[in-house]
Each structure stands twice: as structure tokens, then as C-alpha cells.
Amino acid sequence: MNNKINLLDVVAEESVESPLELVRLGSDENAIIPFTVDSEAVDLHYCSETEINSYVVCNGLDCLLCRIGRKRDQRLLLPVYLPAASCIGILPVSRSLRPYALLPQISNVLKAEKTMVLFITRDGAKYTVTTAELQKDVDGGETLIKRFLDDYEAGLHDLSTVYPRIDNEQLASVEGIGQMMRLKGIS
Ligand SMILES: [Zn+2]
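The numbers in the numbering used here rise by one with no breaks, and the one at position 129 of the sequence shown is 128.
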């Protein structure tokens, strides 16, 4: 029996398994450094039922939440660096281009050639973004960003894992959802 374990492999696995953090914007300022224009689209449903109380990933063609008429929201998931926590975060951005939406404000910053820090607060659908140039003595996360991009390119990160996936069977066992199924005659 071969019970040798290569420590470097263990560390490599650990680093990949470390979950990505979902950036939750609110009334406190969040500091964010964008480093890529490449985002991933994901379809979500909001489930207010106490058992779930969060966005969950749409189950696709036979999705139960789609069938009971639950609205589908698309988000673009953008990897960003969070300098306050020194980690990579996933920022969900809607496709809205309305005034005060997040996407037009972020895209303006991404067009700049310099590394910028964004300070973002959110009040409902209204986002307030202020910016500052990254000061020379502040860690811009270059090492972490490079490692993330290498791992991402190698297919080691699925950004949508920041949201829970719940299969149709489990969803059907949630009371509010099961009730809608019975009302609509869905088995
Ligand atoms: Zn769905």
C-alpha cells in the first residue's frame, strides 16, 4: 500500500478548494479593485422562503422555480480583489445600464489604464461609486490576482459556486414552493 502524500499536492488542492467569496454590497462602503473585464453570466432565482432566503442558481431546462413562475435574474459575476480582506471576491453585477446601476459605473473604471480602488455603497438598486488611485505603499493583491487568473484559466474555478445550487427534488420539499406546485398542478 502506498500511503505517501505529497505535501505540495495537498497545498495545491487546498488553495483551489478555498471557496470564493460573494461580495455583498450594502450601506457600508466596500473597497474593490477590479482587475479583469471577463465576467461569467449566471441565472438566479430569489427564494424568500425562510428555509432558503437567498438567491439560488437556476436549474436550467426543467428548473422547478422557472416552472412555478419564479422570476429569473441574470447576473454577471466579476472576479475582483478585496484589499481590506486581502482576498479575491466575486461581484454580482446586473446588466442594467440605468443611472446609478453598477455596470456603467464599473465599466468606466475598467476603461482606465491605471489600477483604481472603488468604494461602493448600495441602497436598493442605487449604487454609489467613488474611486481613488491605488497608493504606492498599499498592497494591490498582485500575487493573489496572478494565482487566481492562472487557476481560473486552468478551469479550477467555477464562479457560480458563490450561490447555492438546490436540486428540484429538494426545492419541491420547501413548503412555499410545494404549495405553488400544487396550485399550478405541477407534479
Ligand atoms: Zn430556473
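Where is the CB? At the ideal position from N, CA and C, for every residue including glycine.
Close Cβ partners of residue i (< 7 Å) along its chain, the five nearest in sequence each way excluded
| i | result |
| --- | --- |
| K113 | E132 |
Assigned secondary structure, residue i (DSSP; H/G/I helix, E/B strand, else coil)
| i | result |
| --- | --- |
| I185 | coil |
| L158 | helix |
| I235 | The structure shown does not extend to residue 235, since the chain is modelled only from 0 through 186, so no value can be given for it. |
| E28 | coil |
| E132 | strand |
| R146 | helix |
| D122 | strand |
| A171 | helix |
| E152 | helix |
| E50 | coil |
| D42 | strand |
| L19 | coil |
6 Å CB neighbourhood of residue i in its chain, flanking five on each side removed
| i | result |
| --- | --- |
| I165 | V55 |
| G175 | E48 |
| V161 | L19, L21 and I89 |
| L64 | H44 |
| N5 | none |
| S38 | L75, L76 and L77 |
Residue i, buried or exposed, once every other Cβ within 10 Å from all chains shown has been counted against 16
| i | result |
| --- | --- |
| I185 | exposed |
| V137 | exposed |
| R74 | buried |
Close beta carbons around residue i, own chain, < 8 Å, minus the five adjacent residues each side
| i | result |
| --- | --- |
| D157 | none |
*Evaluate the contact criterion for the segment 71–84 versus the segment 26–39: three or more CB pairs, one atom per stretch, below 8 Å.*
Judged by Cβ distances under 8 Å, the segment 71–84 makes contact with the segment 26–39, as three or more pairs qualify.
*Taking three-plus beta-carbon pairs below 8 Å as touching, is the segment 48–57 in contact with the segment 98–110?*
Because the criterion of three Cβ pairs below 8 Å is not met, the segment 48–57 and the segment 98–110 do not touch.
*Which runs of the alpha helix (DSSP H) spanning at least 4 residues fall entirely within the segment 59–116, listed in chain order?*
With a minimum length of 4 residues, the continuous alpha helix (DSSP H) runs that stay inside the segment 59–116 are 63–66 and 101–110.
*asked:* Under 8 Å: do the segment 55–64 and the segment 154–168 share three or more Cβ pairs, one atom per stretch?
replied: They touch, by the three-pair rule.
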